[in-house]
Amino acid sequence: MKLLKCPINGVRPVSEFIFGGEFREMPDPSKATDAEWAAYVFYRDNAPGIKKEWWFHSPSGTWFIAERNTATDEVLTTYLLGKKQAESTV
Amino acid sequence: MPFRLLKYALNREYKEPRFFRDCQTPKKSYDAIIIGGGGHGLAAAYYLAKDHGITNVAVLEKGYIGGGNTGRNTTIVRSNYLTPDGVNFYDASVKLFEGLSEELDINLFYSNRGHFTLAHTESAMRTMRWRAEVNKHVGVKSRVVGTDEISKACPQLDISCSGKAPIQGALYHEPGSIARHDAVAWGYARGADSQGIEIFQNTEVQSIDVRDGKVHGVQTNRGYIATGKVLSAVAGFTPRICKMVDLKTPIVIHPLQACVSEPMKPWLDTILVSGSLHVYVSQSSRGELVMGASLDPYEVHSTRSTFDFVEGLTSHIVDMFPFLSNVKVVRQWAGMADMTPDFAPIMGKTPIEGFYLDAGWGTWGFKATPISGKTMAATMANDKAHDLIHSFRLSRFEDYELTGEKGAASVGH
């Protein structure tokens, strides 16, 4: 069973988590053009590599960020948004 | 044939020609280069030569032909989609498949089975009715059937699914078929090769030469090749190719796993799909049950397979067919599915002149092999998207004109 570390609840089986997709900075909705908004909604830097991603720990309702290598499926670190910690995780 | 067999038995050398030439040294330039020697790339090469007389073409394959998703799918061919654009497109593919063994002079083991998409809930039944009406409107044979008809076609199926998710009905799609996937790649490879197209295996594209928004050539491990037209037909590797030309797409890669059981005497005549139980199953001409489920739940760019998958899939298979509980799974594998937000492919021209995309095939690419080859060949030859693929263009996302096919996916994702 693959494990993932929730920043609040610690190491849990990956089946407790939901993948939320790549983290992207949202443009200002009131100023973004249609093309900029479409690019934010749809387009991704989808080549494999280390990505900043949203993950959700379902039982506790915790959204957090994981930095993961999408080619090798190795998680480098997990943290709450805005609270990056240097320690590496499972 | 027995005489030839005897001749070869007594001869030390095997002189039977291979399916296609073993090309090693590319020319300095080609009229077009196709990246990816899977079914789609080879079909595009074949139709470029056959329909448009363009034979100065090279197909570059990083591994061996048909070793990507062409060899990793569950070989189902159907056209019971949800949008008229989708139904028309896949119906054209089914029609090409039906005559393909003869055209390519290779036995594709194309076997018409009939295809049941099982509905376990009222809302699933509503989607089946919707799909049936769209299909009928476009002239494709699909209809909603009750449990009696399902039981008649497949008496071994437990209609109650072990009491967990009783089947209420199904969408029955008469043209649903299976085919030998390797033979599709080999047949197109031979067809393209015999018309002069060169196929290079073990040939990796390392970068694409784009200047002033236009394609000028590709750099490979066999040297630089000049060309004005490049088609990317690489399924799960699309993001890596798109990065070479700095093109962003909505594609995300999820592994899609499948497995086969040990061979059995023929007992399953139809193709069965259950969206609620995440199962699709058919019996191959070798007697194996070919089984697939849903996508892995998060993005990974590799073809690793997991125990979770077999465990989950087989428990649902046993719900449907309790008597299979002692049957062994003999192989499992994964392909990289390039998923799009609207579950329709991305085909046609891109903002980069001379760079064409045949991508976003997610979990639905094998069945489109002939028609994607034909329409991409036409698109490359005329530098204008073929009518059938207009709604699959990359710019549909910027135009907010998505082609919503999710309801027609084999299983929930």
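In order, the protein sequence lines correspond to chains A and B.
Residue 85 in this note's numbering sits at position 85 of the first sequence; the count goes up by one each step and never skips.
With positions in the second sequence counted from 1, the corresponding number in this note's numbering is that position plus 1000.
Note that beta-carbon positions come from the ideal geometry of N, C-alpha and C, so glycine has one too.
Bear in mind that the values here come from a model prediction, so they are computed numbers and not experimental data.
Chain B within 9 Å of Asp28 of chain A, Cβ atoms only: By one-based count along the first sequence, residue 28 of chain A stands at place 28. It does not; no Cβ of chain B falls within 9 Å.
C-beta contact flag for Met1244 of chain B and Ser1207 of chain B at 9 Å: As a working note, residue 1244 of chain B is residue 244 in the second sequence. As a working note, residue 1207 of chain B is residue 207 in the second sequence. Contact: yes.
Proximal chain B residues relative to Arg44 of chain A, where beta-carbon distance stays under 9 Å: As a working mapping, residue 44 of chain A is identified with position 44 in the first sequence. Those are Pro1239, Lys1248, Thr1249, Pro1250, Ile1251 and Val1252, listed as they occur along chain B.
Chain B contact residues for Phe19 of chain A, given Cβ-Cβ distances below 8 Å: Numbered from its first residue, the first sequence carries residue 19 of chain A at position 19. Those within 8 Å of Phe19 of chain A in chain B are Pro1297, Tyr1298 and Glu1299.
Proximity test, Cβ basis, 9 Å: Asp1308 of chain B and chain A: For the purposes of this step, residue 1308 of chain B is identified with residue 308 of the second sequence, where counting begins at 1. Yes - at least one Cβ of chain A is within 9 Å of the one on Asp1308 of chain B.
Straight-line gap, Leu1118 of chain B to Asp1269 of chain B (C-alpha atoms, nearest Å): Residue mapping note: residue 1118 of chain B aligns to position 118 of the second sequence, counting from 1. Residue mapping note: residue 1269 of chain B aligns to position 269 of the second sequence, counting from 1. Rounded to the nearest angstrom, the two C-alpha atoms are 15 Å apart.
Near the ligand GTP: Lys1136 of chain B beta-carbon under 8 Å from a heavy atom: As for the ligand GTP, it is missing from this structure, which has no ligand bound.
Given 8 Å, three or more beta-carbon pairs between the region 1243-1257 of chain B and the region 1136-1150 of chain B: no
contact_flag[the region 1032-1048 of chain B, the region 1339-1349 of chain B] where n(CB pairs < 8 Å) is 3 or more: no
N-terminal and C-terminal residue of the alpha helix (DSSP H) that Trp37 of chain A is part of: Residue 37 of chain A sits at position 37 when you count from the first residue of the first sequence. Where Trp37 of chain A is concerned, the enclosing alpha helix (DSSP H) stretches over Asp34 to Phe42.
Contact set for Ile1389 of chain B: own chain, Cβ-Cβ below 6 Å, skip 5 residues either direction: As a first step, residue 1389 of chain B is located in the second sequence; it is residue number 389 there, counting from the start. Excluding positions up to five away in sequence, the list reads Met1347, Gly1348 and Thr1375.
Collapsed DSSP secondary structure at Arg1396 of chain B in the structure displayed: Here residue 1396 of chain B refers to the residue found at position 396 of the second sequence. In this structure, Arg1396 of chain B counts as helix in the three-state DSSP scheme.
Integer-rounded CB distance, given that Gly1236 of chain B should sit under 8 Å from Asn1069 of chain B: Here residue 1069 of chain B refers to the residue found at position 69 when the second sequence is read from its first residue. Here residue 1236 of chain B refers to the residue found at position 236 when the second sequence is read from its first residue. 7 Å between Cβ atoms; contact.
Beta-carbon proximity of Gln1024 of chain B to Phe1200 of chain B, cut-off 9 Å: Along the second sequence, read from residue 1 onward, the residue named residue 1024 of chain B stands at position 24. Along the second sequence, read from residue 1 onward, the residue named residue 1200 of chain B stands at position 200. Yes, the pair counts as a contact, with Cβ atoms nearer than the cut-off.
Stretch-stretch touch, CB-based, cutoff 8 Å, three pairs: the region 1218-1236 of chain B with the region 1079-1096 of chain B: Flag = no, the region 1218-1236 of chain B and the region 1079-1096 of chain B do not touch.
Contact check, Asp1209 of chain B vs Tyr1224 of chain B, beta carbons under 9 Å: Within the second sequence, residue 1209 of chain B is the residue found at index 209, counting from 1. Within the second sequence, residue 1224 of chain B is the residue found at index 224, counting from 1. Closer than 9 Å, so yes.
Opening and closing residue of the alpha helix (DSSP H) in which Ala1049 of chain B lies: Taking the second sequence and counting its residues from 1, one reaches residue 1049 of chain B at position 49. Residue range Gly1039 to His1052 is occupied by the alpha helix (DSSP H) that includes Ala1049 of chain B.
Below-9 Å beta-carbon distance, Ser15 of chain A vs any chain B residue: The residue given as residue 15 of chain A occupies position 15 in the first sequence. Closer than 9 Å to some Cβ of chain B, the Cβ of Ser15 of chain A qualifies, so yes.
Spatial neighbours of Tyr1356 of chain B in its chain, beta-carbon cut-off 8 Å, leaving aside the 5 residues before and after: Position 356 of the second sequence, counting from 1, holds the residue named residue 1356 of chain B. So the qualifying residues of the chain are Lys1229, Val1230, Leu1231, Ser1232, Gly1348, Lys1349, Thr1350, Met1376, Thr1379 and Met1380.
Below-9 Å beta-carbon distance, Ala38 of chain A vs any chain B residue: By 1-based counting over the first sequence, the position of residue 38 of chain A is 38. Answer yes: the Cβ-Cβ gap between Ala38 of chain A and chain B drops below 9 Å somewhere.
Cross-strand partners of Gln1283 of chain B (DSSP beta bridge): As a position in the second sequence, residue 1283 of chain B is number 283, starting the count at 1. Paired residues: B:Leu1289.
Alpha-carbon spacing of Leu1100 of chain B relative to Val1184 of chain B, whole angstroms: Against the second sequence, residue 1100 of chain B aligns to sequence position 100. Against the second sequence, residue 1184 of chain B aligns to sequence position 184. Across the structure, Leu1100 of chain B and Val1184 of chain B are spaced so that their CA atoms are roughly 9 Å apart.
Environment of Val90 of chain A [buried if 16+ CB atoms lie within 10 Å]: Working through the first sequence from its first residue, we reach residue 90 of chain A at position 90. Reliability of the predicted coordinates at Val90 of chain A is poor, the pLDDT of 48 falling under 50, and no value is obtained from them.
C-beta contact flag for Gly20 of chain A and Glu53 of chain A at 9 Å: Residue mapping note: residue 20 of chain A aligns to position 20 of the first sequence, counting from 1. Residue mapping note: residue 53 of chain A aligns to position 53 of the first sequence, counting from 1. Going by C-beta atoms, Gly20 of chain A is nearer than 9 Å to Glu53 of chain A.
Val1290 of chain B versus Lys1367 of chain B - alpha carbon distance: One-based indexing of the second sequence puts residue 1290 of chain B at position 290. One-based indexing of the second sequence puts residue 1367 of chain B at position 367. If you take the alpha carbons of Val1290 of chain B and Lys1367 of chain B, they lie about 16 Å apart.
Cβ of Val11 of chain A within 9 Å of any chain B Cβ: Translated into positions along the first sequence, residue 11 of chain A becomes position 11. Not one chain B Cβ lies under 9 Å of Val11 of chain A.
Cutoff 9 Å: Cys1154 of chain B Cβ touching any chain A Cβ: In the second sequence, residue 1154 of chain B corresponds to position 154, counting from 1. Taking CB atoms only, Cys1154 of chain B has no neighbour in chain A less than 9 Å away.
Contacting residues, own chain, Cβ-Cβ under 6 Å from Val14 of chain A (five flanking each side not counted): The count along the first sequence starts at 1 and reaches residue 14 of chain A at position 14. Excluding positions up to five away in sequence, the list reads Lys2 and Leu4.
Nearest to Val1144 of chain B (by Cα), restricted to the options B:Arg1131, B:Gly1039 and B:Pro1155: Here residue 1144 of chain B refers to the residue found at position 144 when the second sequence is read from its first residue. That would be B:Arg1131, whose Cα lies nearest to the Cα of Val1144 of chain B.
Contact list for Leu1243 of chain B against chain A, beta-carbon separation under 7 Å: In the second sequence, the residue the question calls residue 1243 of chain B occupies position 243. It should be pointed out that residue 1243 of chain B corresponds to Lys in this sequence rather than to Leu. Within chain A, Ala47 have C-beta atoms less than 7 Å from the C-beta of Lys1243 of chain B, given in sequence order.
Range of the contiguous alpha helix (DSSP H) that encloses Thr1363 of chain B: For the purposes of this step, residue 1363 of chain B is taken as the residue at position 363 of the second sequence. Run containing Thr1363 of chain B: none; DSSP gives neither H nor E here.
Between the CA atoms of Asn46 of chain A and Tyr40 of chain A - distance to the nearest angstrom: By one-based count along the first sequence, residue 40 of chain A stands at place 40. By one-based count along the first sequence, residue 46 of chain A stands at place 46. Those two C-alpha atoms are separated by around 13 Å.
Neighbour-count burial assignment, Met1320 of chain B, 16 or more Cβ in a 10 Å radius: Stepping through the second sequence from its first residue, residue 1320 of chain B is reached at position 320. Buried, because 16 or more other Cβ atoms sit within 10 Å of the Cβ of Met1320 of chain B.
C-alpha gap between Arg1240 of chain B and Ala1179 of chain B, whole angstroms: Here residue 1240 of chain B corresponds to residue number 240 of the second sequence, with the count starting at 1. Here residue 1179 of chain B corresponds to residue number 179 of the second sequence, with the count starting at 1. So the alpha carbons of these two residues sit roughly 30 Å apart.
Spatial distance of Lys1028 of chain B from Val1057 of chain B (CA atoms): Here residue 1028 of chain B corresponds to residue number 28 of the second sequence, with the count starting at 1. Here residue 1057 of chain B corresponds to residue number 57 of the second sequence, with the count starting at 1. Computed Cα separation, rounded: 12 Å.
Residue-chain proximity (Arg1304 of chain B, chain A), Cβ-Cβ < 9 Å: If you number the second sequence from 1, residue 1304 of chain B lands on position 304. Answer yes: the Cβ-Cβ gap between Arg1304 of chain B and chain A drops below 9 Å somewhere.
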